[in-house]
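Below is one structure; the comments refer to it alone.
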Amino acid sequence: MRQPILSLLLVAGFAAPAAAGALDPKKLLDEAKAVFQPLPAVPVAKDSVDAARVELGRRLFFENRVSMDGNVNCAHCHLPDRQASDGLPKAIGVFGKENPRNAPSIFNAALNVKQHWRGDRESLEDQAEKSLLGPASFGNPDQATAMGKLKAIPAYPEAFAKAFPGDKDPVNSRNWGVAVGAFERTLLTPSKFDAFLSGDVKALTPQQLAGLRLFIDTGCAACHNGVGVGGNSFQKFGVVEDYWKETGAKTPDKGRADVTKNDVDLYVFKVPSLRNVAKTAPYFHDGSVEDLPKAVEIMGKTQLGKTLSRQETADIVAFLGALTGAAPANYAAPEPFPDAR
Ligand code: HEC
Ligand code: HEC
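The working numbering numbers the first residue of the sequence shown as 629 and each following residue consecutively.
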């Protein structure tokens with residue numbers, strides 16, 4: 629899964645001389661199209677079962693009653709008004725327990741190669757199912773406890789039966805994962821950059837164009853590329869120097885090495901998608917950096933050995949702003965099913 633950095637740097641035009649003078653947006657568009665792709669269309673329900681799954685998934689996503697303290701749902705840490713992140717360095721779950729890492733946005737997460745910073749979840753479905761047991765998320769001792777809470781709410785067995793027709797015991801954690809995943813797959817956030825990639829050269833401001841030029845030329849796009857502008861590979865955080873020297877993190881996280889038990893994965897993390905990044909501070913797997921210009925400067929140093937000027941940083945930050953899309957209209961809690969009486 630790790631891509632050789634050097635060849636990517638070459639593909640991304642790293643070796644090419646920096647553009648001189650005025651930018652040619654059409655030429656830049658052609659180059660950008662070789663490195664990035666616009667978001668696909670939001671998947672439409674194939675049939676009524678599919679539609680029932682997405683709707684059930686939305687309901688489960690906003691369901692507090694399945695957590696051990698009754699106060700935590702998925703949106704507790706993936707807030708609608710924070711572009712599905714939570715604004716905290718590290719997320720706080722059931723009974724106020726702190727999660728070891730920062731909550732990323734889940735918008736466009738369907739495009740990720742794997743889920744979580746260390747890629748320890750295979751898919752959206754796997755992630756959702758395991759969340760139920762996370763000691764710092766929902767805190768259930770086992771899946772039967774979690775499912776028992778749903779079965780006690782009379783409308784759920786009916787809603788699961790509609791979404792999973794033919795299942796003898798449809799209220800199960802696998803189906804929970806499938807339904808929540810189906811909902812998450814609808815959460816795509818098209819941005820100005822998608823309009824640009826689709827041919828509208830006026831969609832980006834001159835500063836954003838300059839930032840895109842730099843993003844490609846300095847080598848950011850060697851890792852942050854594809855449809856997610858990241859999310860599609862694993863790379864070491866700290867290629868040139870130890871990341872904690874720049875971020876100030878007190879106890880370095882070993883990253884993917886703790887998952888694969890392989891030394892080559894020491895300090896390796898999933899390259900995050902940069903879609904919506906302007907709205908998801910604080911930054912990095914441990915939320916150690918509060919503002920985006922600082923995060924960009926650190927990336928220049930730790931990943932590329934480059935000190936970006938204030939102007940270059942500002943231009944790149946402006947470009948990253950073009951990756952913000954509106955929160956999808958369906959990312960909102962439905963009226964909860966009534967409790968059993
Ligand atoms: C207590 C806060 C909290 C709750 C509750 C929570 N999450 Fe998260 N979520 C996180 C954190 C923290 C991470 C990063 C974990 C890691 O990488 O180790 C994360 C990561 C994710 C990711 C991976 C995104 C990526 O880019 O890798 C997805 C998808 C996700 N959560 C969906 C959900 C769903 C669905 C639920 C409900 C079933 C949920 N989360 C509940 C905090 C939370
Ligand atoms: C060698 C691969 C690589 C290169 C080159 C690279 N990055 Fe990153 N980037 C990463 C990885 C890996 C992370 C995740 C680090 C972590 O928190 O563990 C990351 C994280 C980030 C973040 C934080 C995102 C968040 O949600 O917290 C930003 C912003 C970012 N990169 C921007 C850039 C910019 C701008 C450049 C060019 C100056 C760049 N990156 C170059 C691999 C790379």
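Where is the CB? At the ideal position from N, CA and C, for every residue including glycine.
In terms of side-chain proximity, the C-beta atom of residue 722 is found no nearer than 8 Å to any non-hydrogen atom of ligand 2. Taking a cut-off of 8 Å on C-beta distances, the region 890-907 touches the region 855-871, as three or more cross pairs fall below it. In the three-state scheme derived from DSSP, where H, G and I count as helix and E and B as strand, residue 720 is classed as strand.
With fewer than 16 neighbouring CB atoms inside 10 Å of its own CB, residue 892 falls in the exposed class. The nearest non-hydrogen atom of ligand 1 is less than 8 Å from the C-beta of residue 808. According to the DSSP secondary-structure assignment, residue 664 is paired through a beta bridge with 854. Within 8 Å of the C-beta of residue 684 there is not a single heavy atom belonging to ligand 2. With a threshold of 8 Å, the Cβ atom of residue 705 does not count as near ligand 2, since no heavy atom of the ligand is closer than that. Taking 9 Å as the cut-off, the beta carbon of residue 677 is found no closer than this to the beta carbon of residue 796. By the Cβ-count criterion, residue 822 is buried, with 16 or more other Cβ atoms from all chains shown falling within 10 Å of its own Cβ. If you ignore the 5 residues before and after residue 842, its C-beta comes within less than 6 Å of the C-beta of 940, 943, 944, all in its own chain and listed in chain order. Residue 913 and residue 809 have their C-alpha atoms spaced approximately 22 Å apart. Per the coordinates, the alpha-carbon of residue 762 lies some 7 Å from the alpha-carbon of residue 768. Within the same chain, and ignoring the five residues on either side of residue 920 in sequence, the residues whose Cβ sits closer than 8 Å to its Cβ are 905, 906, 909, 911, 945, 948. The DSSP assignment places no complete run of the beta strand (DSSP E) inside the region 783-854 (cut-off: 3 residues). One Cα belongs to residue 853, the other to residue 718, and the distance between them is close to 26 Å. In the three-state reduction of the DSSP assignment, residue 707 falls in the strand class. If you look at residue 947, you'll find it in the alpha helix (DSSP H) that goes 938-949. Placement of the Cβ of residue 745 at a distance of less than 8 Å from at least one heavy atom of ligand 1 is found. For residue 673, the closest alpha carbon among the candidates 665, 667, 683, 737 is that of 683. C-alpha of residue 696 to C-alpha of residue 688: approximately 15 Å in a straight line. In this structure, ligand 2 has no non-hydrogen atom nearer than 8 Å to the beta-carbon of residue 860. With a minimum length of 4 residues, the unbroken runs of alpha helix (DSSP H) contained wholly in the region 760-785 fall at 771-779.
In the DSSP assignment, residue 689 falls within the alpha helix (DSSP H) that extends over 676-689. The distance from the Cβ of residue 712 to that of residue 733 is about 4 Å, consistent with a contact at the 8 Å cut-off.
When secondary structure is reduced to three states using DSSP, residue 750 falls in the coil class, being assigned neither helix nor strand. Counting other Cβ atoms within 10 Å of its Cβ, residue 937 stays below 16 and is therefore classed as exposed.
Contact between the region 950-969 and the region 777-784 is established, with three or more Cβ pairs separated by less than 8 Å. Residue pairing by DSSP puts residue 953 in a beta bridge opposite 819. Going by DSSP, residue 934 is part of no alpha helix (DSSP H) at all; its letter is neither H nor E. Residue 873: member of the alpha helix (DSSP H) spanning 871-875, first to last residue. Taking 8 Å as the cut-off, one finds at least one heavy atom of ligand 2 near enough to the beta carbon of residue 932.
The region 870-889 makes no contact with the region 825-836: fewer than 3 CB pairs, one atom from each, lie closer than 8 Å. Take residue 702, set aside five residues on each side of it, and the residues of its chain with a beta-carbon closer than 6 Å to its own are 689, in chain order.
The three-state secondary structure of residue 928, taken from DSSP, is helix.
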